[in-house]
Amino acid sequence: MTQSMTQSMTQSMTESMTQSTTQSTTTEPATSDHLVVGEVTVSRVVESVGSIGMNPSQFFPGTDPSAWNGHESELRPYFLQDDGPTTMESTSRVAMQTWIIRSAGRTILLDAAVGNDKDRPDVPSWSHLQTAYLDDLAAAGVAPESVDIVVNTHLHADHVGWNTRLVDGSWVPAFPNAEYLMPAEDLAFWDPAHGNTTVMGAGAHGVWADSIAPVLAAGQVTAWTGSHRIDDALTLEAAPGHTPGASILRLASGGDEVLFVGDSLHSPAQVVDVHTSSCFDEDPVQAHRTRDRLFTEAADRGLLLLPAHFGGHGGFRVAKDADGFRIVGWAGLTAV
Ligand SMILES: [Zn+2]
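So this is what it looks like as structure tokens:
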């Protein structure tokens with residue numbers, strides 16, 4: 122990419138971001154299939170988007186109804202699936218996706234969705250999928266052997282699925298030349314040999330065996346703790362709560378900065394009420410603390426936040442208000 126192309130793309134992204142922060146949350150931003158952050162480009166491949174089969178009262182037990190009731194501008198159309206009034210009985214909508222990050226000549230995949238052929242008897246919508254994910258990745262210019270790094274922000278089934286694929290009855294690394302970065306705390310927590318009780322319970326069935334162990338056996342895993350510098354622009358940082366090893370990825374380049382915040386939130390309702398934790402948070406109190414810390418930094422510094430499961434335009438900006446935080450603009454990715 123030439124310097125002038127980079128400059129003009131950066132300029133157009135800065136313009137669309139500036140525009141979006143001054144618009145109301147109901148206004149669609151100018152969009153593109155990628156974001157440019159300094160010298161780094163960001164796009165995504167979407168494995169699926171739609172109902173998670175739970176309403177907010179199930180997905181976010183104990184949530185205050187005021188975080189949902191009437192919040193049309195934050196939640197529709199991309200975060201609720203059904204028609205009708207926005208309440209805790211609406212149907213939650215989520216995306217399963219991978220961020221494609223091109224930085225310093227390398228291709229980095231952030232989170233690995235659900236995967237094909239995985240046996241997930243307790244989560245039927247994740248079981249024995251046959252999606253076109255690898256074709257879609259190829260269409261985005263990413264051949265499996267060209268991937269340099271795979272990052273699992275944490276080791277839940279919907280973040281490690283494409284770590285592996287089924288070949289002649291065996292699970293093999295889907296990205297044969299990649300280093301896989303995994304949080305050490307999650308490797309310890311989810312290792313079946315340790316017998317931990319988790320809120321995922323049987324929902325974690327088979328994940329270690331089909332999506333973690335084969336990559337460990339191939340010698341492709343680097344476990345990290347605290348923080349991990351990938352290159353001059355990218356740093357993984359611990360952000361526990363959702364799981365013990367849950368992490369975020371900080372991208373800072375050319376004076377721009379964004380945070381990929383993983384599963385620290387799953388819905389804009391968690392911005393409306395930062396205390397709202399999902400049923401998949403292993404430690405809801407710590408998850409709230411982490412969310413509050415991330416939103417505070419993002420509000421103070423004007424950072425774009427890109428969660429793992431946001432459909433729509435992929436992310437948002439926040440500001441502080443009297444009660445906590447509010448969304449003040451959406452990211453500029455093409456909506457899904
Ligand atoms: Zn997830």
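Residue numbers (the working numbering): 122 to 457.
Idealized CB from N, CA, C, for every residue including glycine.
These numbers were taken from a predicted model, which means no experiment stands behind them.
So what's residue 416 in DSSP terms, helix, strand or just coil?
helix
Would residue 454 pass as a contact of residue 381 if the rule is Cβ separation under 7 angstroms?
no
Please confirm whether any heavy atom of ligand 1 lies closer than 6 angstroms to the CB of residue 404.
no
Residues in the same chain with beta-carbon distance under 7 angstroms from residue 201, minus the five sequence neighbours each way, listed in chain order, please.
207, 211, 212, 213 and 214
Ligand 1 heavy atom lying under 6 angstroms from the CB of residue 279:
yes
Nearest-angstrom Cα distance between residue 444 and residue 237?
43 angstroms
CB residue 448 to CB residue 193, shorter than 7 angstroms?
no
Give me the Cβ distance between residue 240 and residue 327, rounded to the nearest whole Å; I'm assuming they're in contact under 8 angstroms.
5 angstroms
Where the beta strand (DSSP E) through residue 293 begins and ends
291-294
With DSSP run on the structure shown, which of helix, strand or coil describes residue 266?
helix
Across the region 270-281 and the region 360-374, are there enough close Cβ pairs to call them in contact, namely three or more that are closer than 8 angstroms?
yes
List the DSSP bridge partners of residue 450.
438
Residue 307, enclosing alpha helix (DSSP H) - first and last residue
305-311
Assuming residue 385 and residue 360 make a contact with CB atoms under 8 angstroms, what is their CB distance in whole Å?
6 angstroms
State yes or no: is the C-beta of residue 384 nearer than 6 angstroms to some heavy atom of ligand 1?
yes
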